[in-house]
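**Student:** The structure's right below; bear with me while I get my questions together.
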Amino acid sequence: MFDRDLWGEIFQSISKNKLRSILSGFTIAFAILIFTLLFGISNGLQNTFSSSFVNNTPNAIYIYSGRTSIPYKGNKSGKRIRLSNKEMNYLKRHNKNKIDHISAQVFKNFNVTYQDKKNSYSITAAQPASQFIETFKLSKGRFINIPDINQKEKIAVIGRLVKEDLFKTKNAVGKYINLQGISFKIVGIFNKEGDDNAERIIYIPLSTAQVLYANNDYVDQINLTYNKNMSYPQVEAFSKSIEDQLKEILVVSPKDQGAIRVRNNAEAVKETNMIMMVLTLLIFFIGFGTLIAGIVGISNIMIYVVSERNKELGVRKVLGASPKSIVALILLESITITSIAGYVGILIGIGSVNLIGNSLEQYFITNPTVDTSIIIGAMITLVISGCIAGYVPAKRASKIKPIVALRDE
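Using the UniProt record's numbering, you'd call the opening residue of the sequence shown number 1 and step up by one each time.
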């Protein structure tokens with residue numbers, strides 16, 4: 001294996017038969033290149049689907065209200081249905097074993113000022129559980145807590161970009177900002193990965209907003225997370241149960257599809273997983289087909305290479321070369337070419353994925369990456385296939401009598 005003369009012969013054979021070596025290597029390099037690009041694109045598409053759930057937990061349910069579409073028990077069609085603290089507390093009491101976190105929210109848009117700086121931001125009046133439902137990260141300070149809700153405190157938690165707009169590099173925690181003429185103390189700063197719009201939101205206590213800006217207990221939305229141990233059919237049944245409960249206490253027809261809308265992430269996650277599974281299988285079969293094409297190509301080339309070298313092998317046998325050494329020579333030459341070509345294919349493939357990665361976002365392919373272990377595994381498969389493909393004709397050629405090999409045309 002480490003015979004210097006043997007390796008000298010191998011590299012001499014490769015250098016003297018450049019076209020043959022290039023064709024053999026090109027088949028391997030091209031197969032690995034295509035394989036790498038396919039898996040890079042596949043991972044990019046999976047990243048795109050996964051990013052849909054960066055800002056919200058997969059086990060979240062969102063409840064909205066609308067207008068009635070069917071007259072029911074004295075309520076006319078087109079009546080505006082309003083959710084309130086009452087409905088949220090009802091759901092919390094009657095589903096406490098299934099709900100992990102629940103929070104009502106009210107949405108506003110206010111002009112916010114700090115000293116001489118002024119801008120318009122989205123205001124979300126929320127409760128402490130919103131921190132766990134929307135899964136943002138606090139970079140400094142704290143979020144809204146129970147005492148803030150009970151005492152209707154005038155505190156605010158601002159997004160990273162709000163902080164940069166109003167305070168630049170200065171510390172914002174402990175400072176006061178003005179929301180529609182009322183001062184709020186900043187107690188925390190948060191960020192949300194991959195969502196700049198969310199980082200321009202300001203959170204304030206729901207109870208405070210209801211007293212100061214609405215003078216009622218209406219809410220725009222109720223968000224909750226359910227027990228993660230629930231199966232998909234159980235989640236579907238739970239979502240339907242929530243809808244039925246709200247329709248009953250709000251006097252809405254069970255057949256009304258517009259008055260109460262319940263959306264759960266489980267369905268979106270299921271659909272996304274199915275799409276990703278189909279995509280993975282598709283990429284796998286295409287990649288597998290590429291490898292098969294590479295194996296067939298290298299097999300044909302090896303058969304041709306061995307038959308072309310019959311005279312050379314005959315001379316070697318005349319000079320005393322054993323059948324074993326002839327087979328080893330051909331196999332090592334095959335391994336050398338396929339290994340070098342495979343490595344080159346990997347480098348070009350990974351380089352291509354990194355080079356064009358950012359430009360693929362317009363095609364919903366986000367941050368395409370390649371699992372090196374999979375690519376190396378594919379290359380090893382091709383190398384082994386090349387060895388097997390070369391072994392059969394090499395073994396046959398090693399058994400040919402020298403006089404027959406020398407006469408071969």
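Here a beta-carbon is modelled for each residue, glycine too, at the ideal position from N, C-alpha and C.
This structure is a prediction, so every number in the text was calculated from the model and none was measured.
Rounded to whole angstroms, what's the CA-CA distance from L331 to I337? Just pull it up for me.
**Tutor:** The alpha-carbon atoms of L331 and I337 are separated by roughly 10 Å.
**Student:** If I follow the unbroken beta strand (DSSP E) through T124, where does it start and stop?
**Tutor:** K117 to A126 is the span of the beta strand (DSSP E), which, as asked, contains T124.
**Student:** When the Cβ atoms of the region 102-110 are set against those of the region 206-214, are three or more pairs found closer than 8 Å?
**Tutor:** As far as the Cβ criterion goes, the region 102-110 touches the region 206-214, which means the pair count is three or higher.
**Student:** By how many angstroms is the C-alpha of D148 removed from the C-alpha of T113?
**Tutor:** Each residue's alpha carbon lies about 22 Å from the other.
**Student:** Under DSSP, the alpha helix (DSSP H) around N85 begins and ends at which residues?
**Tutor:** Unbroken alpha helix (DSSP H) run through N85: N85 to H94.
**Student:** Can you look up F184 in the DSSP assignment and give me helix, strand or coil?
**Tutor:** Residue state, collapsed to three classes: strand.
**Student:** Of all the options G258, S325, C387 and G181, which has the alpha carbon lying nearest to the alpha carbon of I335?
**Tutor:** Nearest of G258, S325, C387 and G181 to I335, Cα basis: C387.
**Student:** Once DSSP output is grouped into helix, strand and coil, what is the label at K16?
**Tutor:** It is helical.
**Student:** Determine the contact status of L83 and Y218, defining contact as a CB-CB distance below 9 Å.
**Tutor:** Contact: yes.
**Student:** Around the C-beta of D371, are 16 or more other C-beta atoms found within 10 angstroms, so that it is buried, or is it exposed?
**Tutor:** So D371 counts as exposed.
**Student:** Just to confirm the assignment, what range does the alpha helix (DSSP H) spanning S239 have?
**Tutor:** Start and end: Y232 to I249.
**Student:** Smallest Cα separation from residue 413: which of A394, F110, V173 and G8?
**Tutor:** In the structure as shown, the chain starts at 1 and stops at 409, and residue 413 therefore has no counterpart that could be examined.
**Student:** From which residue to which residue does the alpha helix (DSSP H) around V162 run?
**Tutor:** Unbroken alpha helix (DSSP H) run through V162: R160 to F167.
**Student:** Please list the terminal residues of the continuous alpha helix (DSSP H) segment that includes A150.
**Tutor:** Note on residue identity: the sequence assigns Asn, not Ala, to residue 150. From DSSP, the alpha helix (DSSP H) with N150 extends over I146 to N150.
**Student:** How about I70 and D256: do their beta carbons lie closer than 9 Å?
**Tutor:** Going by C-beta atoms, I70 is nearer than 9 Å to D256.
**Student:** What is the DSSP secondary structure of R200, counted as helix, strand or coil?
**Tutor:** Correct three-state label for R200: helix.
**Student:** Which of helix, strand or coil does DSSP assign to N367?
**Tutor:** Coil, per DSSP.
**Student:** Go ahead and label A129 buried or exposed: buried means 16 or more other beta carbons lie within 10 angstroms of its beta carbon, across all protein chains shown.
**Tutor:** A129 comes out buried.
**Student:** Bridge partners of G141, per DSSP?
**Tutor:** Bridge partners of G141: G188.
**Student:** Go ahead and pull the three-state DSSP assignment for R82.
**Tutor:** Residue state, collapsed to three classes: coil.
**Student:** Would you check if the region 117-125 and the region 153-167 touch, i.e. whether three or more CB-CB distances between them fall below 8 Å?
**Tutor:** Verdict: yes, contact present.
**Student:** For the alpha helix (DSSP H) that A209 lies in, which residues bound it at each end?
**Tutor:** Looking at the DSSP string, the run of the alpha helix (DSSP H) that includes A209 is L206 to A209.
**Student:** For L37, which of I146, T381, T369 and L23 has the nearest alpha-carbon?
**Tutor:** Closest by alpha carbon: T369.
**Student:** With DSSP collapsed to three states, give me the class of K108.
**Tutor:** Residue state, collapsed to three classes: strand.
**Student:** Consult DSSP for S65 and reduce its assignment to one of helix, strand or coil.
**Tutor:** In the structure shown, S65 sits in a strand (DSSP, three-state: E or B).
**Student:** Report the partner residues of S103 according to the DSSP bridge assignment.
**Tutor:** Beta-bridge pairing links S103 to N223.
**Student:** According to DSSP, is N47 helix, strand or coil?
**Tutor:** N47 falls in the helix class under three-state DSSP.
**Student:** Just tell me which of S15, K399, Y72 and T27 has its CA closest to the CA of A341.
**Tutor:** The option with the nearest alpha carbon to A341 is T27.
**Student:** Which of the three DSSP states, helix, strand or coil, is assigned to N215?
**Tutor:** It is coil, neither helix nor strand.
**Student:** To which residues of the same chain is Y72 closer than 8 Å at the C-beta, ignoring the five residues directly before and after it?
**Tutor:** Closer than 8 Å at Cβ, skipping near neighbours: V251, V252, S253 and D256.
**Student:** Nearest to R200 by CA position, among F190, D244, L206 and F143, is which residue?
**Tutor:** For the residues F190, D244, L206 and F143, the minimum Cα distance to R200 belongs to F190.
**Student:** Can you have a look at L232 and say buried or exposed, based on whether 16 or more other CB atoms are within 10 angstroms of its CB?
**Tutor:** The sequence given here has Tyr at residue 232, not Leu. Exposed, because fewer than 16 other Cβ atoms sit within 10 Å of the Cβ of Y232.
**Student:** At the level of alpha carbons, what is the spacing between G345 and N59?
**Tutor:** Each residue's alpha carbon lies about 42 Å from the other.
**Student:** Please report the residue range of the beta strand (DSSP E) in which I177 lies.
**Tutor:** Counting along the chain, the beta strand (DSSP E) containing I177 begins and ends at Y176 to L179.
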